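Have a look at the structure below before the remarks.
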Amino acid sequence: MIKLNVNVDHFATLRNARGGSEPCPILGALMAELAGATGIVCHLREDRRHMKDKDVYRLRELIQTKLDFEMAANEEIINIALDVKPDLVTIVPEKREELTTEGGLNVKAEIERFKKLTDKFHEKEIEVSYFIEPTSEQIDACVSIGADMVELHTGNYANNFNSNFEMEYNKILNAAKYAKSAGLIIAGGHGLNYVNTAPLCKITEFREFSIGHSIIARSLYVGIEKAVKEMINIIFRYS
Ligand code: PXP
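With the sequence shown counted from 1, adding 64 to any position gets you our numbering.
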């Protein structure tokens with residue numbers, strides 16, 4: 065069955081709205097783990113709009129599953145990641161003005177830079193994933209820099225779910241097959257929710273999904289434990 069890694073950034077978004085300590089993203093992560101999440105994802109952005117440095121260190125200390133640290137390839141954040149030593153880093157593009165990550169990273173455009181970055185993390189025994197558009201060019205680039213894994217950007221699939229499902233689904237399917245045949249581990253993420261995740265569960269090449277907003281939003285109504293369990297049930301039912 066495809067694994068579910070829960071992104072807990074938006075517990076911190078809500079906490080920061082009032083500047084206090086509630087809701088606590090660490091407690092949210094621990095409860096997500098208790099409900100069956102196989103990993104916890106957090107994104108330390110340059111502007112620290114949700115997760116703060118201390119949250120990342122606390123997550124590293126307290127969670128029992130796997131820590132996937134999403135990050136831009138920026139010197140300050142790279143140094144923090146090397147110090148925190150997550151199980152996995154997922155390298156994403158980052159623009160200050162964006163509301164959330166808006167698309168995949170162009171690995172192909174900076175092969176040398178990303179090869180050095182991958183080597184740096186491998187020296188510390190940290191696995192490296194790149195968040196990319198589902199294209200063979202980007203997958204080839206990730207293979208050439210020695211990436212362990214790719215996270216296929218599912219945002220366009222999610223945005224076009226009711227208008228252009230087949231075309232976007234096939235892009236993900238073909239990319240997953242291509243990446244698997246190239247020896248990469250495959251994740252998918254961005255914009256996945258309680259409706260659009262189901263069809264992707266048939267793509268057996270996926271090892272994991274990284275899902276945040278829809279689960280944290282649902283947790284406001286039903287609690288984080290139930291929100292995580294409901295998503296796991298969908299993955300189980302449709303796999
Ligand atoms: N994967 C990556 C690389 C992301 O940047 C994000 C958003 O932080 C997610 C997955 C989760 O996306 P969503 O919050 O839409 O589920």
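Built from N, CA and C at the ideal position, the CB exists for glycine as well.
These numbers come from a predicted model, not from an experiment.
Closest Cα partner of residue i within the set the options
{"i": "Lys172", "options": "Ser208, Asp151, Lys180 and Leu163", "result": "Ser208"}
{"i": "Val148", "options": "Pro157, Glu158, Ser283 and Glu134", "result": "Glu134"}
{"i": "Glu191", "options": "Gly210, Asn71 and Ala137", "result": "Gly210"}
{"i": "Met295", "options": "Pro150, Glu97, Arg79 and Tyr121", "result": "Glu97"}
{"i": "Glu166", "options": "Phe270, Arg282, His254 and His277", "result": "His254"}
{"i": "Thr218", "options": "Phe273, Asp117, Ile90 and Leu68", "result": "Phe273"}
{"i": "Tyr194", "options": "Glu162, Arg79 and Lys179", "result": "Lys179"}
{"i": "Glu110", "options": "Arg82, Glu140 and Leu78", "result": "Glu140"}
{"i": "Pro198", "options": "Leu123, Tyr242, Ser85 and Ala291", "result": "Tyr242"}
{"i": "Lys159", "options": "Leu108, His186 and Glu201", "result": "Leu108"}
{"i": "Glu162", "options": "Asp117, Glu174 and Arg113", "result": "Arg113"}
{"i": "Leu256", "options": "Leu126, Asn138, Ile280 and Ala99", "result": "Ile280"}
{"i": "Val214", "options": "Phe229, Ile236 and Asn224", "result": "Ile236"}
{"i": "Ala137", "options": "Gln128, Ile155 and Ile144", "result": "Ile155"}
{"i": "Lys290", "options": "Cys206, Ile249 and Tyr258", "result": "Tyr258"}
{"i": "Ser85", "options": "Lys118, Val105 and Ala101", "result": "Lys118"}
{"i": "Thr182", "options": "Ile203, Asp212 and Gly168", "result": "Asp212"}
Any non-hydrogen atom of ligand 1 within 7 Å of residue i CB
{"i": "Gly92", "result": "no"}
{"i": "Leu123", "result": "no"}
{"i": "Asp212", "result": "no"}
{"i": "Asn260", "result": "no"}
{"i": "Phe195", "result": "yes"}
{"i": "Glu294", "result": "no"}
{"i": "Ile275", "result": "yes"}
{"i": "Leu256", "result": "yes"}
{"i": "Lys253", "result": "A small fix is needed here, since residue 253 is Gly in this sequence, not Lys. Yes - ligand 1 has a heavy atom lying nearer than 7 Å to the Cβ of Gly253."}
{"i": "Thr164", "result": "yes"}
{"i": "Asp151", "result": "no"}
{"i": "Asp73", "result": "yes"}
{"i": "Glu215", "result": "yes"}
{"i": "Glu232", "result": "no"}
{"i": "Ser283", "result": "no"}
{"i": "Glu110", "result": "no"}
{"i": "Val70", "result": "no"}
Residues that DSSP places opposite residue i in a beta bridge
{"i": "Lys67", "result": "Glu272"}
{"i": "Thr154", "result": "Glu134 and Ser193"}
{"i": "Ile250", "result": "Val214"}
{"i": "Cys106", "result": "Phe133"}
Residue i - DSSP class collapsed to helix/strand/coil
{"i": "Met115", "result": "coil"}
{"i": "Ala101", "result": "coil"}
{"i": "Gly287", "result": "coil"}
{"i": "Ser245", "result": "helix"}
{"i": "Ser278", "result": "helix"}
{"i": "Ile299", "result": "helix"}
{"i": "Glu86", "result": "coil"}
{"i": "Gly168", "result": "coil"}
{"i": "Phe75", "result": "helix"}
{"i": "Lys235", "result": "helix"}
{"i": "Tyr121", "result": "helix"}
{"i": "Lys266", "result": "coil"}
{"i": "Lys159", "result": "coil"}
{"i": "Gly255", "result": "coil"}
{"i": "Phe225", "result": "coil"}
{"i": "Ile142", "result": "helix"}
{"i": "Lys293", "result": "helix"}
Considering only residues of the stretch 171-214, which uninterrupted beta strand (DSSP E) runs meet the minimum length of 3 residues and lie entirely inside it, listed in chain order? Runs found: 191-196.
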